[in-house]
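Trainee: Note that the protein sequences, when read in sequence, are chains A and B. So in my numbering the end of the first sequence lands on 1561, straight run, no missing numbers. So in my numbering the end of the second sequence lands on 1561, straight run, no missing numbers.
There are 2 protein chains.
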Amino acid sequence: MITPIRPSSPRKPEEPVRQESLRTINLELVFRHILAAANPISRTELAAATGLTRPTITRIVEELLAGRLITEAGLTHDGRAGRPRVGLTLSGKGPAGLGLDIRADGLAACVVDLTGTVRHLAFAPSTYADRDAGAVLFDLARMADAAIDTIGTEDLTVVTATLAVPGPVDGGLVRSAPSLGWRNVDAGALLHSAIQHLELPVAVDNEANLAALGELYASHNTLNSFVYVSGGLAIGAGIVLDGQLMRGTRGWSGELGHVTVHPDGTPCPCGSRGCLQTYASLEAILGGDPVPAGTTPDATATARADAGDPATLAALDTAGTALGIALSGMLNILDIDTVLLGGSFALLSSWLTANVRTQIDRRVHTAAWAPITVRPALLGPDAAVIGAALTSIDQIRQRPAAWLVDEPLDVVPKP
Amino acid sequence: MITPIRPSSPRKPEEPVRQESLRTINLELVFRHILAAANPISRTELAAATGLTRPTITRIVEELLAGRLITEAGLTHDGRAGRPRVGLTLSGKGPAGLGLDIRADGLAACVVDLTGTVRHLAFAPSTYADRDAGAVLFDLARMADAAIDTIGTEDLTVVTATLAVPGPVDGGLVRSAPSLGWRNVDAGALLHSAIQHLELPVAVDNEANLAALGELYASHNTLNSFVYVSGGLAIGAGIVLDGQLMRGTRGWSGELGHVTVHPDGTPCPCGSRGCLQTYASLEAILGGDPVPAGTTPDATATARADAGDPATLAALDTAGTALGIALSGMLNILDIDTVLLGGSFALLSSWLTANVRTQIDRRVHTAAWAPITVRPALLGPDAAVIGAALTSIDQIRQRPAAWLVDEPLDVVPKP
């Protein structure tokens, strides 16, 4: 009988609708209908769905075809009697997005096309303890150049690159990424100048944020609100609420690794005590034992746990409980009912999930009447690089008209 | 040189812009310009600001005047030579919003007009331990009726009521409000049927959320993102991010009172251990000592602290530290840089703030380079009831056209 009001503050005054913006509005309207359609959609269906006239649809479709944003995909039946019609769908040629990731175990590059299909995925093992940011980003720039050249032979044009890094980011500046030994590294500028394709805009973002976006896209909109927790050398979280990444005021949300679990606990390099990081990072789970040459920290932890190593199992027990306590606080604050365990936590989830669930059931106030789901993430260790590539192509999905008129994208181009 | 991309998922397909909705769009556009203007604005200025023609402006202004949404406010100069013009501003007559609050110390009612001015504010002391929800809501309905009658003599029409309650809300249902002894109370339906003005829609919302909205409006948009923490018999938080209340997926965000501070700490009635509630509620600060008759828990705690009572000062020390630990986790998750201490925490802030700051400086990862502001809230104990009334009137601010054509508001009317 009563429904709650969902107020929002008054919108800012906007411009009135004028003729030239109507043209863009209608083009983007048609494009979004093609984007949202599960199957190829005919011009007739587009006219019915949008309420636009058939000549307007014809003109817009010609523009989208010429710009390689859409393609004709054979004949389709629209459910009524009559001859089959030509179906329209997103193009696998034309604009593409590049993603780059600096992972605990190495460097990754990914290209996706406008349909969201991964067209290129490359990985190269790397360590960071002995190398400076410039050297690491130089290697990554070579992978970017190789990806752009390869994909160019398939009629795809990379329009923008997004770099994933494990720490809070400020514009192109990485404020603090202890697992790489970075502090105030201008990764955006360094990468931008090292890539040979000089006009390519480069954005930098937090890897947990980008991985969460990767999971959001990969779920095909079946997940609307969730917390993605990225385990590894660093622990971070990406928050998706109502289909949108919640970045916070400066893009630094989800610093779960430095949420306090035990106020008087182990000192953390960040200067605090009892941070989740000190109980549940890969370093904590490995207990300071060296990782054998030729393997990765993830693989070592999994192998030891599989072999029933008592110290590793005890460390995973502690890690799962600590992760559950920190996550409970997060869920009490955010009111989100789904947790995806990503990165190392995905690989180790069979040893972590039970303790995480126990803590959440005990400590999330609303769990008494509204249960919380905890499960491994879908994309595994590639979530961030795929999310980065999808974030790049999303520029075109959001503003197809900008691609057609060759407008500058929402990143500052090289001077 | 590089700016970050702020992606968002593809928008759902919308309807194209048609003639009849253009009329509403332009009316609301003009209204929002009047709403946003710091001073009365002339028809000429409106035409320049909106890009609409003078005859269109004239027609829309007539509609808004006839509907008592705006009023003429004397002559104004628009900065150029020539004769002064008639200024237009929001009306203090016409639609009004009603707010109702069940506070730790009593019941409150508030009416605001479209300008956001408080036109009526009433308070009646009340206790809850010995009375059921129906009796409390019956008293509150009498206060609502009195407010509606009083304000009616000033040419104001209450369009909707919003009730603030200390706990998570599900539609009109209060899931759990331990400080009132309520569990699964359909406060919306009970209040709706007890108010004599039978057609009045009633919404129910969490008091910390509404208080945060009150602070947002009261700041005149100088505060864009902040955490409002409400102290008292229960502890809750309202989160405002980019000028919007962040409600979570079901409206249950900000359950700060049940965030874990010490995992092995004091048992909490919620079933968990070491919740912030067990260290920083008024009950914890008063240490179980009875509150003298004729005074309130807030006043008792303040008086004891002022008198230098050692037990109270020690309890405030513990409360401030616990609050700082819980808030640090919240700020690490949300990336918000301003905390407003509200409710009892506002009254007690001089004994709490130093410890809160110490914990935040130590435990918020980004505080090392981006300091956090902690200060008392502006509206004091009236924040929630004023926020509730402003939430009610915001229905009209958001959809002025609905008021003009007498469309139903976004709440389900009485059958």
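For every residue, glycine included, the Cβ atom is placed at its ideal position computed from N, Cα and C. Source: prediction; values computed, not measured.
Name the chain A residues that come within less than 7 Å of Trp-1515/B, Cβ to Cβ?
Mentor: Counting from 1 along the second sequence, the entry for residue 1515/B is found at position 369. Near Trp-1515/B (Cβ distances below 7 Å), the residues of chain A are Arg-1321.
Trainee: Which one of Asn-1352/A, Leu-1253/A, His-1404/A has the shortest CA to CA distance from Arg-1393/A?
Mentor: Here residue 1393/A refers to the residue found at position 247 of the first sequence. The residue with the shortest Cα to Cα distance from Arg-1393/A is Asn-1352/A.
Trainee: At the 7 Å Cβ level, is Asp-1481/A part of the contact set with chain B, yes or no?
Mentor: As a first step, residue 1481/A must be located in the first sequence, where it is residue number 335. It does: the Cβ of Asp-1481/A has a partner Cβ on chain B nearer than 7 Å.
Trainee: Nearest-angstrom Cα distance between Val-1091/B and Val-1386/B?
Mentor: As shown, chain B starts at 1147 and ends at 1561. That puts residue 1091/B outside it, with no answer to give.
Trainee: Give the straight-line distance between the Cα atoms of Ile-1518/B and Leu-1369/B, rounded to the nearest whole angstrom.
Mentor: Numbered from its first residue, the second sequence carries residue 1518/B at position 372. Numbered from its first residue, the second sequence carries residue 1369/B at position 223. Their Cα atoms are separated by approximately 14 Å.
Trainee: Can you give me the Cβ contacts of Pro-1561/A inside the same chain, cut-off strictly under 8 Å, excluding the 5 residues immediately before and after it?
Mentor: Position 415 of the first sequence, counting from 1, holds the residue named residue 1561/A. Low confidence applies to Pro-1561/A: its pLDDT is 33, below 50, so where it sits in the model is not reliable, and the reading given next is rough at best. So the list is empty, once near-sequence residues are dropped.
Trainee: Could you round the C-beta distance between Cys-1256/A and Ile-1542/A to whole angstroms and report it? I think they count as a contact, below 8 Å.
Mentor: The residue given as residue 1256/A occupies position 110 in the first sequence. The residue given as residue 1542/A occupies position 396 in the first sequence. The Cβ separation is near 16 Å, so there is no contact.
Trainee: Ordered along the chain, which non-local residues of its own chain (more than five positions away) have a Cβ less than 6 Å from that of Gly-1243/B?
Mentor: Counted from its first residue, the second sequence places residue 1243/B at position 97. Contacts found: Val-1258, Ala-1535, Ser-1538, Ile-1539.
Trainee: Taking only beta-carbon atoms, is Val-1405/A less than 7 Å away from chain B?
Mentor: Stepping through the first sequence from its first residue, residue 1405/A is reached at position 259. True, the Cβ-Cβ gap to chain B drops below 7 Å.
Trainee: Could you give the C-beta distance for Ile-1479/A and Ile-1479/B, rounded to a whole number, given that I count them as a contact under 8 Å?
Mentor: Residue mapping note: residue 1479/A aligns to position 333 of the first sequence, counting from 1. Residue mapping note: residue 1479/B aligns to position 333 of the second sequence, counting from 1. About 6 Å separates the two Cβ atoms, so the contact holds.
Trainee: Pairing CB atoms from the stretch 1355-1365 of chain A with CB atoms from the stretch 1406-1419 of chain A, are three or more of them under 8 Å?
Mentor: no
Trainee: Taking the alpha-carbon of Leu-1211/B as reference, which of Gly-1197/B, Thr-1196/B, Leu-1173/B, Ala-1323/B has the nearest alpha-carbon?
Mentor: Here the question's residue 1211/B lines up with position 65 in the second sequence. Comparing Cα positions, the closest option is Leu-1173/B.
Trainee: Can you give me the C-alpha to C-alpha distance between Val-1232/A and Pro-1201/A, rounded to a whole angstrom?
Mentor: Translated into positions along the first sequence, residue 1232/A becomes position 86. Translated into positions along the first sequence, residue 1201/A becomes position 55. Here the alpha carbons of Pro-1201/A and Val-1232/A stand approximately 16 Å from one another.
Trainee: Roughly how many whole angstroms lie between the Cα atoms of Cys-1421/A and Trp-1549/B?
Mentor: Counted from its first residue, the first sequence places residue 1421/A at position 275. Counted from its first residue, the second sequence places residue 1549/B at position 403. Their backbone Cα atoms lie some 52 Å apart in a straight line.
Trainee: Measuring alpha carbon to alpha carbon, tell me which of Arg-1169/A, Asp-1295/A, Glu-1218/A, Ala-1513/A ends up nearest Arg-1205/A.
Mentor: Indexing the first sequence from 1 puts residue 1205/A at position 59. Considering only alpha carbons, the answer is Arg-1169/A.
Trainee: Starting from Ser-1188/B, follow its DSSP beta bridges and name the residues at the other end.
Mentor: On the second sequence, position 42 is the one that residue 1188/B refers to. Per DSSP, Gly-1233/B.
Trainee: Does any C-beta atom of chain B lie closer than 7 Å to the C-beta of His-1511/A?
Mentor: Taking the first sequence and counting its residues from 1, one reaches residue 1511/A at position 365. Yes, contact with chain B.
Trainee: Quick one: residues in its chain with C-beta nearer than 6 Å to the C-beta of Gly-1313/B, no 5 flanking neighbours on either side, listed in chain order?
Mentor: Residue 1313/B sits at position 167 when you count from the first residue of the second sequence. Shown here for Gly-1313/B: same chain residues with a beta carbon closer than 6 Å to its own, the five before and five after excluded, namely Val-1320, Ser-1322, Ala-1323 in chain order.
Trainee: For Ala-1472/B, which residues from the same chain have a beta carbon less than 7 Å from its beta carbon, with the 5 sequence-adjacent residues on both sides left out?
Mentor: For the purposes of this step, residue 1472/B is taken as residue 326 along the second sequence, with counting starting at 1. Hits under 7 Å: Leu-1402, Val-1405, Val-1407, Leu-1422.
Trainee: Please report the distance separating the alpha-carbon of Leu-1414/B from that of Val-1510/A.
Mentor: Residue numbering aside, residue 1414/B sits at position 268 when the second sequence is read from its first letter. Residue numbering aside, residue 1510/A sits at position 364 when the first sequence is read from its first letter. Checking the sequence, you will find Cys at residue 1414/B rather than Leu. Taking the straight line from one Cα to the other gives about 12 Å.
Trainee: Who pairs with Gln-1390/A in a beta bridge, going by DSSP?
Mentor: In the first sequence, the residue the question calls residue 1390/A occupies position 244. Gln-1390/A pairs with Leu-1387/A.
Trainee: Taking DSSP's pairing of strands, which residues face Tyr-1274/B in a bridge?
Mentor: On the second sequence, position 128 is the one that residue 1274/B refers to. Bridge partners of Tyr-1274/B: none, in fact.
Trainee: Could you tell me which chain B residues have their CB closer than 9 Å to the CB of His-1343/A, listed as they occur along the chain?
Mentor: Counting from one through the first sequence, the residue named residue 1343/A turns up at place 197. The contacting residues do not exist; His-1343/A stays about 15 Å from chain B at best.
Trainee: Run through DSSP, which three-state label would Ile-1542/B get?
Mentor: Mapped onto the second sequence, residue 1542/B falls at position 396. Residue state, collapsed to three classes: helix.
Trainee: Nearest-angstrom Cα distance between Gly-1213/B and Thr-1303/B?
Mentor: As a working mapping, residue 1213/B is identified with position 67 in the second sequence. As a working mapping, residue 1303/B is identified with position 157 in the second sequence. Their Cα atoms are separated by approximately 12 Å.
Trainee: Would you say Glu-1353/A lies against chain B (beta-carbon separation less than 7 Å)?
Mentor: Residue numbering aside, residue 1353/A sits at position 207 when the first sequence is read from its first letter. Not closer than 7 Å to any Cβ of chain B, the Cβ of Glu-1353/A fails to qualify, so no.
Trainee: Span of the beta strand (DSSP E) holding Thr-1222/B?
Mentor: Within the second sequence, the letter at position 76 stands for residue 1222/B. 1216-1222 is the extent of the beta strand (DSSP E) around Thr-1222/B.
Trainee: Measure the alpha-carbon distance for Asn-1427/B versus Val-1207/B and round it to whole angstroms.
Mentor: Residue numbering aside, residue 1427/B sits at position 281 when the second sequence is read from its first letter. Residue numbering aside, residue 1207/B sits at position 61 when the second sequence is read from its first letter. Looking at the sequence provided, one finds Ser at residue 1427/B rather than Asn. Using only the alpha carbons, I get a separation of about 51 Å.
Trainee: Please name the residue, chosen from Ile-1482/A, Ile-1506/A, Ala-1430/A, Leu-1498/A, that lies closest to Leu-1379/A on a Cα-to-Cα basis.
Mentor: Residue 1379/A sits at position 233 when you count from the first residue of the first sequence. A check of alpha carbon separations from Leu-1379/A across Ile-1482/A, Ile-1506/A, Ala-1430/A, Leu-1498/A identifies Ala-1430/A as the nearest.
Trainee: Mark Ala-1333/A as exposed unless 16 or more other C-beta atoms lie within 10 angstroms of its C-beta, in which case mark it buried.
Mentor: Position 187 of the first sequence, counting from 1, holds the residue named residue 1333/A. Burial call: buried.
Trainee: Kindly indicate the opening and closing residues of the beta strand (DSSP E) around Asn-1330/B.
Mentor: Numbered from its first residue, the second sequence carries residue 1330/B at position 184. Residues 1328-1332.
Trainee: Quick one: what does DSSP say His-1338/A is sitting in, helix, strand or coil?
Mentor: Against the first sequence, residue 1338/A aligns to sequence position 192. It is helical.
Trainee: Would you say Gly-1262/A and Tyr-1363/A are within 7 Å of each other, going by their C-beta atoms?
Mentor: In the first sequence, the residue the question calls residue 1262/A occupies position 116. In the first sequence, the residue the question calls residue 1363/A occupies position 217. With contacts defined as CB atoms closer than 7 Å, Gly-1262/A and Tyr-1363/A qualify as a contacting pair.
Trainee: Between which two residues does the alpha helix (DSSP H) harbouring Asn-1501/B extend?
Mentor: Sequence index remark: in the second sequence, residue 1501/B carries index 355 (1-based). Element bounds for Asn-1501/B: 1495-1509.
Trainee: Assuming the contact rule is C-beta atoms closer than 8 Å, Leu-1346/A and Thr-1306/A should be a hit. Round their C-beta distance to whole Å, please.
Mentor: Residue 1346/A sits at position 200 when you count from the first residue of the first sequence. Residue 1306/A sits at position 160 when you count from the first residue of the first sequence. The C-beta separation of Leu-1346/A from Thr-1306/A comes to about 7 Å, placing the pair in contact by the 8 Å criterion.
Trainee: Among Thr-1217/B, Ser-1376/B, Leu-1181/B, Trp-1515/B, which one has its Cα closest to the Cα of Asp-1481/B?
Mentor: Working through the second sequence from its first residue, we reach residue 1481/B at position 335. Here the closest residue by C-alpha is Trp-1515/B.
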